[in-house]
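In the numbering used here, the protein residues as written are 116 to 182.
Backbone N, C-alpha and C define an ideal beta-carbon position, used for all residues, glycine too.
Note that the structure is a prediction, hence the values are computed from the model and not measured.
Here the structure comes first, spelled out in structure tokens, and everything after it is commentary.
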């Protein structure tokens, strides 16, 4: 994935375009260092849109209850 930096990342100045893997890109987005993605890979273009995960359901209790 290729991204454009919003601020300094190591020795890379804001506005520079760098190649990063998906994990690094996610971390940089989280930290606010990505101005914009420059190009999407074929895998990312075909990926489904993000869905909201449902909250976990409580597990049913089994066995005898303590008093």
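Compare the beta carbon distance of residue i and residue j with 8 Å and say whether it is the shorter of the two.
i, j, result
"residue 140", "residue 153", "no"
Look at the alpha carbon of residue i and the alpha carbon of residue j, and state the distance between them as a whole number of angstroms.
i, j, result
"residue 117", "residue 123", "16 Å"
"residue 135", "residue 144", "12 Å"
"residue 132", "residue 125", "13 Å"
Point to revise | Whole alpha helix (DSSP H) elements within the stretch 127 to 156, 4-residue minimum | key: 137 to 145
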